[in-house]
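**Q**
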Ligand SMILES: [Zn+2]
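Numbering (the UniProt record's numbering), first residue to last: 1 to 224.
1) Which whole-angstrom value describes the C-beta separation of residue 70 and residue 124, a residue pair presumed to lie in contact below a C-beta threshold of 8 angstroms?
2) Along the alpha helix (DSSP H) that carries residue 90, what are the first and last residues, could you check?
3) On a CA-only basis, which of 169, 168, 204 is nearest residue 227? Give me that one, please.
4) Determine the contact status of residue 157 and residue 140, defining contact as a CB-CB distance below 7 angstroms.
5) Mind listing which residues have their beta carbon within less than 5 angstroms of any non-hydrogen atom of ligand 1? Chain order is fine.
6) Is the beta carbon of residue 146 sitting closer than 7 angstroms to the one on residue 108?
7) Under the DSSP definition of a beta bridge, which residues are partnered with residue 242?
8) In angstroms with no decimal places, state the Cα-to-Cα distance between residue 103 and residue 68.
9) Can residue 191 and residue 222 be called in contact, C-beta distance under 7 angstroms?
10) Going by alpha carbons, who is nearest to residue 79 out of 144, 136, 215?
11) Around the Cβ of residue 220, are there at least 16 other Cβ atoms within 10 angstroms (buried) or fewer (exposed)?
12) Examine ligand 2 and report whether any of its heavy atoms sits within less than 6 angstroms of the Cβ of residue 85.
13) Tell me which same chain residues have a C-beta within less than 7 angstroms of the C-beta of residue 76, skipping the five on either side of it?
14) Just the C-alpha distance for residue 207 and residue 187, rounded to the nearest angstrom, thanks.
15) State the DSSP-derived secondary structure class of residue 130, mapped to helix, strand or coil.
16) Quick check on residue 155: does DSSP put it in helix, strand or coil?
17) Checking 7 angstroms against the spacing of the C-beta atoms, do residue 160 and residue 138 come in under that value?
18) Let's see if you can read the secondary structure: which residues bound the beta strand (DSSP E) around residue 182?
19) Return the residue from the list 142, 210, 198, 63 that minimises the CA-CA distance to residue 129.
20) On the three-state DSSP scale, how would you describe residue 71?
21) DSSP three-state label for residue 212, please.
22) Given that a residue counts as buried once 16 or more other Cβ atoms are within 10 Å of its Cβ, and exposed if not, what is residue 73?
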């Protein structure tokens, strides 16, 4: 069965999570075609695909603002560990507490909070009795603000933008969007840890040394 997990007040590591609740399917955490964060091969379907719209009747209750009430999914905890995602428990807490809350016809309820040019997005399940954090990611909300901020080193902003471009164009090869990106520290996409050199129209995995130009190809090929 499920158990309530809690966000510890100030913690950054996955081991601080107290729940091992799985996402049992009351809220599909990766609806096909949804605007979702970069995901692995087990979660196909993103923006641009067929998009089953969520019925407003699915909305249920408005999600609470108290992060302590939320459990987390395994899916989400895996994402917390991924380099390049820039989602931490403290930022998730802050986003739930202070972010804008919107109903989205693909993901359901989302909290979103912009800090120094970067938007944190947290998707929550609105299960009536046990709210759950389904997933979270970052996006560049304002390139100038982000790159000029003290909080976000340029390489991090580049990495966030790279992930977004790959995810927003999942099934397309996007050398023109990859080419400007300089991402020296590997970020996890699918099964791979990729970097990108400015001027190169591909990302390259530091483990298997394969080169990719699309999220779809990253997610369809296993790393060594
Ligand atoms: Zn690889």
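Using N, Cα and C, we set each Cβ at its ideal position, and we do this for glycine too.
**A** In terms of the structure at hand:
1) 7 angstroms
2) 89–98
3) Nothing about residue 227 can be reported from this structure: the residues present for the chain run from 1 to 224 only.
4) yes
5) 192, 205, 207, 208, 223
6) no
7) The requested residue 242 is not part of the displayed model; the chain covers only 1 to 224.
8) Approximately 21 angstroms, taken between the alpha carbons.
9) yes
10) 136
11) With fewer than 16 Cβ atoms within 10 Å of its Cβ, residue 220 is classed as exposed.
12) The model on display carries ligand 1 but not ligand 2.
13) The beta carbon of residue 76 is closer than 7 angstroms to those of 133, 134, 135, 136 in its chain, skipping five residues each way along the sequence.
14) 12 angstroms
15) coil
16) helix
17) yes
18) Per DSSP, residue 182 belongs to no beta strand (DSSP E) and is neither H nor E.
19) 63
20) strand
21) strand
22) buried
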